[in-house]
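Following: one structure in structure tokens, then a few remarks.
Residue numbers (the UniProt record's numbering), protein chains in the order written: chain A, 1 to 241; chain B, 1 to 241.
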């Protein structure tokens, strides 16, 4: 049995009841070491298998191998396990290896939802998620999505917006979206959502400061109706108020 | 003080700790009557203000008027309050009326995330949310978003896919997306996510049965890499497995 659990943005308060129950029920907890730290309370009496970044396939295969022995395993992802998390990889491996291991995906609050609550209500209308990581997705595909999403006037949430190895991606993304996003479009930035050192910053498309952004930051770009009021970013749904 | 709370798709297990604490802390609970039923356990000793569909502005104004008297009010939305929920409307009213009432948006698991966990892992790559309700959004805007989202090869999650009053919208949406979505593209349908009568159905774009869908259904259309395996719908992230 494998639980694939989204633990939310990183504080206990934003975990679901089901995520907590599943971690309690598991005998072995498998995860990226940074995320294991976030659930320390739940792993005290458990066997823990943790490893570093870019070891996702090994980590999921480890979880599967342990589950094969009959143990209940919890694989944890931050946010939601089904959004750029481990749910897909676990299911891909299990289906390709034609294994008969029950898998339960336990949903969680993803970073865009956590960040939106901190900013006010920026994703009240149609929105999309785009990851700027080109480790597994060709940059041309990312560019195309950015351009069409901006043309469609979606609110756009950027995941993995900027790492040390590709610090220029975010600025390039803004250049592409700039064909359709006006300079006055509100942009919300939240670093370390739900964690102790959470930081929030609201600016506009043409005053965007890329240096504020790293891999633990969520960037949300508004649509044509989004407005800023004091320290809030609000996208109207369309009610007459 | 107003809490705007996303209670998740509708079962206690998918509520966050923070949602439960906020409901417990509130003196008055305000919500659409169907959602009030979902949180019966938490409203027993509280004042409850509930009303029907399309009364969103009245409901939010009621909550604000009660909060003005100094009471702690919880406005509840199903899913996440910041996604087609009440967070935006509460903040719009408060900012337009220049009131000084503290608002805390409490994030929740939105329907697409809940449905995705039931289907397997369909939203593992870039995706978007589009509401097919044209009550407050011109249909031309919805059409444009559908076309561009399909062209961008997003996984597409449809909110408010089909009501009695506009039963043809979903078929029209499929016609539009069909310019770019292949007939073999997997489509996942989940009705009443997280509730007792939850139903799940997986088909392909060209075998879609629109009659299965109503307003409490989530429809998720895959991207070019999405595949079906037994009763699972999986969108690979791009790992080599």
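Where a beta carbon is used, it is the ideal one built from N, C-alpha and C, also for glycine. Keep in mind it's a predicted model, so treat the numbers as computed, not measured.
query: Collapsed DSSP secondary structure at residue 154/A in the structure displayed; result: coil
query: Minimum Cβ-Cβ distance from residue 58/B to chain A less than 7 Å; result: no
query: Neighbour flag for residue 222/A against chain B, beta carbons, 7 Å; result: no
query: Chain A contact for residue 179/B (CB, 7 Å cutoff); result: no
query: Beta-carbon contacts of residue 77/B that lie in its chain and below 6 Å, excluding the five residues immediately before and after; result: 6, 85 and 86
query: Chain A contacts made by the region 114-145 of chain B, where a contact means CB separation under 7 Å; result: 114, 116, 117, 120, 121, 123, 124, 126, 127, 128, 129, 130, 131, 136, 137, 144 and 145
query: Contacting positions in the region 87-101 of chain B - beta carbon closer than 7 Å to chain A; result: 87, 88, 89, 91, 92, 93, 95 and 96
query: Under 7 Å between C-beta atoms of residue 136/B and residue 222/A; result: no
query: Minimum Cβ-Cβ distance from residue 176/B to chain A less than 7 Å; result: no
query: Residue 229/B: contacting residues in chain A (beta-carbon distance under 7 Å); result: 95
query: Check whether residue 114/B and residue 234/B have beta carbons under 7 Å apart; result: no
query: Contact list for residue 80/B against chain A, beta-carbon separation under 7 Å; result: 113
query: Sub-7 Å separation of residue 163/A and residue 215/A beta-carbons; result: yes
query: Residue-chain proximity (residue 105/A, chain B), Cβ-Cβ < 7 Å; result: yes
query: Residue 41/B versus residue 12/B: straight-line alpha-carbon distance, rounded; result: 9 Å
query: Any non-hydrogen atom of the ligand PLP within 6 Å of residue 190/B CB; result: This structure simply doesn't include the ligand PLP, nor any ligand for that matter.
query: Cβ pair count under 8 Å reaching 3, the region 17-27 of chain B against the region 7-27 of chain A; result: yes
query: Short CB-CB distance (under 7 Å) between residue 198/A and chain B; result: no
query: Chain-ordered neighbours of residue 234/A on chain B, where CB pairs are closer than 8 Å; result: 88, 91, 92 and 95
query: Three-way DSSP call (helix, strand, coil) for residue 200/A in this model; result: strand
query: C-alpha gap between residue 46/A and residue 177/A, whole angstroms; result: 46 Å
query: Minimum C-alpha distance to residue 240/A - residue among 32/B, 9/B and 58/B; result: 58/B
query: Spatially closest choice to residue 131/A from 31/A, 143/A and 205/A, by CA coordinates; result: 143/A
query: Under 7 Å by beta carbon: chain B residues contacting residue 148/A; result: 148, 151 and 152
query: Check whether residue 186/B and residue 228/B have beta carbons under 7 Å apart; result: yes
query: Test: residue 238/A CB closer than 7 Å to a CB of chain B; result: yes
query: Residue 171/B, buried or exposed, once every other Cβ within 10 Å from all chains shown has been counted against 16; result: exposed
query: Helix, strand or coil at residue 125/A according to DSSP, with G and I counted as helix; result: coil
query: Backbone CA spacing between residue 56/A and residue 27/A [nearest angstrom]; result: 20 Å
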